[in-house]
Every structure is written in structure tokens, then in C-alpha cells.
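Input: a single structure, listed below in C-alpha cells.
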Amino acid sequence: MSVRVRFAPSPTGALHMGNIRLAVINFLLAGGDPGRFVLRYDDTDQERSRPEFIEGIARDLRWLGIEWGQEFFQSRRLDLYVQARDRLIADGRLYPCYETPEELEYMRNRQRARGLPPVYDRSALALTSEQKETLEQQGRRPHWRFRLDPGEIRWTDLVRGECVYNAAHLADPVVIREDGSFLYLLPSVVDDVAMGITHVVRGEDHVTNTAVQIQMFQALGGNLPAFAHLPLLVGADGHKLSKRSGSLSVAELRDKGVEPLAVHALLARLGSSEAVEPVQDVQGLIQDFDLGRFGRGAPRLDEADLMRLTEKLVHGMGWDQVAQRLRSLGCDLADESFWLAVRPNVQTVADTLPWYRILHGPMVPVCEDAAFLTEAASLLPPEPWDEQTWKQWTGAVSTHTGRKGKALFMPLRLALTGLDHGPELKVLLPLLGRGRVLQRLGCAA
0 MSVRVRFAPS
10 PTGALHMGNI
20 RLAVINFLLA
30 GGDPGRFVLR
40 YDDTDQERSR
50 PEFIEGIARD
60 LRWLGIEWGQ
70 EFFQSRRLDL
80 YVQARDRLIA
90 DGRLYPCYET
100 PEELEYMRNR
110 QRARGLPPVY
120 DRSALALTSE
130 QKETLEQQGR
140 RPHWRFRLDP
150 GEIRWTDLVR
160 GECVYNAAHL
170 ADPVVIREDG
180 SFLYLLPSVV
190 DDVAMGITHV
200 VRGEDHVTNT
210 AVQIQMFQAL
220 GGNLPAFAHL
230 PLLVGADGHK
240 LSKRSGSLSV
250 AELRDKGVEP
260 LAVHALLARL
270 GSSEAVEPVQ
280 DVQGLIQDFD
290 LGRFGRGAPR
300 LDEADLMRLT
310 EKLVHGMGWD
320 QVAQRLRSLG
330 CDLADESFWL
340 AVRPNVQTVA
350 DTLPWYRILH
360 GPMVPVCEDA
370 AFLTEAASLL
380 PPEPWDEQTW
390 KQWTGAVSTH
400 TGRKGKALFM
410 PLRLALTGLD
420 HGPELKVLLP
430 LLGRGRVLQR
440 LGCAA
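Take the sequence shown: its letter number 292 is residue 291 in numbering that gives the first Met the number 0, and every next letter is one higher.
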């Protein structure tokens, strides 16, 4: 069977790590094939949906390297939902209810007090036409519920295994609001049927929704997709994700210099039996991807893991992979020798920019011992220079001054770079050039 998946975000805000995880896993399940990956905006909440969020979602997915073959907006598919509504009303599967929120809460409290599950008692089914008319004359407008058939609802979840729900313990879900607008449940099923979705992958907070939606699929005569419910992510501290504990947006990841492949590598295996390691391309994740390897425990998302993966990826990048990116950062004079020199000392590609400025821009050297620096400058060998020049030069300086170790090297590093740490000076020295080195060694003049 050819897999066909959908990613269905609500454009009411920026994508966060929970959304991103579902996008990544659905994309991998589709084999990275845009033709089998549908992007569907669940934008029926017109009050909260915004064009800028739609644009942001598309931009974020493309940054992650996720492309889609088809794009749909639920707000443009209302006719399909109305047709499904009318069919279900005619079949007796949708029925109008007139209770207020306060009345429903009172009903649930009474049920709890009696030790019963707080599910809707279907009292609206007993209303006569005259009673409904009276309620509407009083200004009440109906919301509509989907009537669940009695019995067990079963499916084999690709993550959770065998799932069984007793319909008697579930409330008939509200699918249409008083104003006639649709809630999430019914349009989602209508679209999954119409789009030929074969696999629905989402968070475990939708498990109960799946139980009722299975009956909706059956009522509409649609083929049931396979379902997979992933445990929800928690922060590094084990608590629910929040802005403070790791619910980062894609924009924040970009700003921090995280590599898209690091996001894929982490989210594709976080919570599974496989080790999280950097990969050279997404294809490496697709080949071995298996939903059955995910456990039911809540995976811990630690931003430090993303940075660790990013650092490993960056340290493996060749010049051809970063040349254009360095140009876009303003490192116009950077070349392969520069990249190879600074690469071991950066965590992200953007971390190279300070070193570019140190090597090519004006800087204020740190002159701790002017006399020593003057003597060192007098011993500077002529060009051309290579990686052996540093050893030759410092050997001569040590012989003439008697200095060794930190007393020899640190004043030179501070004068040449302004910092007490960084790439090896044997690779930086040829990049600085003799003229710039002499200028910085003469900083006290």
C-alpha cells in the first residue's frame, strides 16, 4: 500500500516543537516524497487564523526541507462538510441539542456525584418538534452532536498497540457549534477520506478523538486509515513543555543557528529505541524509519541535544557546504583555509562571524607586555607562511626571552586575537599575514 499522510496545523500561531515533530515524522513516513505528503491548514477557526501564520508555517517547513505535493485550506472546503453534515443528519447520526454550558456542567456534576462517567445523557433525543421550536423561539440555537453506536471501538495503534474503548463511556461529541461552524472532528474525517489519507500520525492527546472518529469514518463509508499516537514531549526537567522549558518555535531555532538536519535527527528518533545521532541527509533517516520503534514513555526534549547535534554536523561540513552561507553572513573574503581553521571552534555556522571579524577587521589587541611583544615582532620570520611558521617563530622567541608555556603563548594570543581562547594559532597566523601581525604586536607603540 502506498503511504499518504497529512500534516494539518492550525494557523493560529507559530509552529512549536510538538508540531514540528509531527511534521518530521509524517514526512519520513511518506519516504520524503512530497507527492505523498499533504499540507492541510485546519483554519476553520476564522477568528484566530491569520495569513501571517500560514506564511510562517510554509516558511518553517521549507527551512526544514519538508516539501508538499498538495495544499488545502479547510475554510475553502465548507461545502464538503455541509454535504457530510446533511448526510449524517438524514442517517440519524447527527442530532440537535439545546443545553447551555451551565446546564451541561450541572449535568456532569450530578453524574460524578453518582459515580457515573460524565457523558452526555442524550436527553435532546427525546425532544419533540414542538419543544425544539419553543426552545428556538426563546433564542436558543442548537449545537449538533454525533451519535455514537453502542459497543466496543477497537483499532491497532502503530505506537500504542491494541486500543479498546467502550462507546458507553464516551460522550457523543459536539461537531457543529451554535453558530453553524464546524469543530475539528468532522472536517478532519471528511478530508482524510477525500484525500485518501492512509496514515494519521498525531499526539496521544487525540486518542479519544480517534475512537469517535473511527465511527465517523464508518458512517461516511470511508476507508479507515492506520493510526499512530505518539506520547507528548516534555522538557528536560520532565515537565510539560512551555516557552521556558523548550517549546521553541522554528524561528527561534533558526536564530540560534540550529541546523535543520539536527532537528530531523533528534525528532525522528527521540522516544524510540534508536540512538540519536547526526546524519548526512534525511535519506539516512528514511531508510530505517519505523513507527513501531517508538515507546509510550514521554520523551524529554532538551535544547542542548539540538545544539550538540548541530555542532557535530557543522564540524563535518566541507567548504562547499558553507561557502554561500558565509557570504550571506558578510564573510566576503572567507575561503576554505579560513573555514578549516575556525571550524573546530564553532558550534554553529554563524559562530564563524566573530572570527572573521578578528582576522579581517579592526580590533583592539590586548597588550599585557609591550616589551615582550616588541621583541617577538623583531623575530617574526618573512613570508610565505604555513602551519610550521608558528612553531618556528615561537621557538625563536622562547630562545631569546626564556619564556615557555602559557607565559610565552598567552601574550601573543591576546595581542593577535584579543581573546584568551580560540583556534590554533598555527592555522590563524598565515590567515592574519605578516603586516597585520606586526601591526597588532606593535599595539603599545
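By construction, the Cβ of each residue, glycine as well, lies at the ideal position given by its N, Cα and C atoms.
| Asked | Found |
| --- | --- |
| Contained alpha helix (DSSP H) runs [length at least 4] in the segment 319-365, N- to C-terminal order | 335-341 and 351-359 |
| Limits of the unbroken alpha helix (DSSP H) element including N165 | Premise fails: N165 lies in the beta strand (DSSP E), G160 to N165, not in any alpha helix (DSSP H). |
| Alpha-carbon to alpha-carbon, A375 and A13 | 56 Å |
| Cα-Cα separation between N108 and T133, rounded to whole angstroms | 27 Å |
| Best match in V281, L312 and P383 for proximity to G256 [C-alpha to C-alpha] | L312 |
| Buried versus exposed call for P149 [16 or more other C-beta atoms within 10 Å across all chains shown] | exposed |
| With 16 other Cβ atoms within 10 Å as the buried cut-off, status of A443 | The pLDDT assigned to A443 is 45, lower than 50, so where the model puts this residue is not dependable; a value taken from the coordinates is nonetheless given after this. Its Cβ having fewer than 16 others within 10 Å, A443 is exposed. |
| Stretch-stretch touch, CB-based, cutoff 8 Å, three pairs: the segment 268-288 with the segment 40-48 | no |
| Where D78 falls, given that 16 or more other Cβ within 10 Å makes a residue buried | exposed |
| Whole-angstrom distance between L231 and M16, CA atom to CA atom | 10 Å |
| Beta carbon of H198 nearer than 8 Å to that of V2 | yes |
| Reduced DSSP secondary structure (H/G/I, E/B, other) of T155 | strand |
| H168 beta carbon less than 8 Å from that of P224 | no |
| Per-residue DSSP class, three states only, for A188 | Contrary to the premise, residue 188 reads as Val rather than Ala in this sequence. In this structure, V188 counts as helix in the three-state DSSP scheme. |
| Contacting residues, own chain, Cβ-Cβ under 6 Å from S9 (five flanking each side not counted) | D41 |
| N-terminal and C-terminal residue of the beta strand (DSSP E) that H142 is part of | H142 to F145 |
| Proximal residues to F371 (C-beta, below 7 Å), its chain only, five neighbours per side dropped | T400 and P410 |
| Under the three-state DSSP convention, the category E175 falls into | Residue identity differs from the one stated: residue 175 is Ile in this sequence, not Glu. If DSSP states are grouped into helix, strand and coil, I175 belongs with the strands. |
| S248, DSSP secondary structure in three states | strand |
| Own chain, CB closer than 7 Å to I56, minus 5 neighbours either side, in chain order | P8, P10 and L14 |
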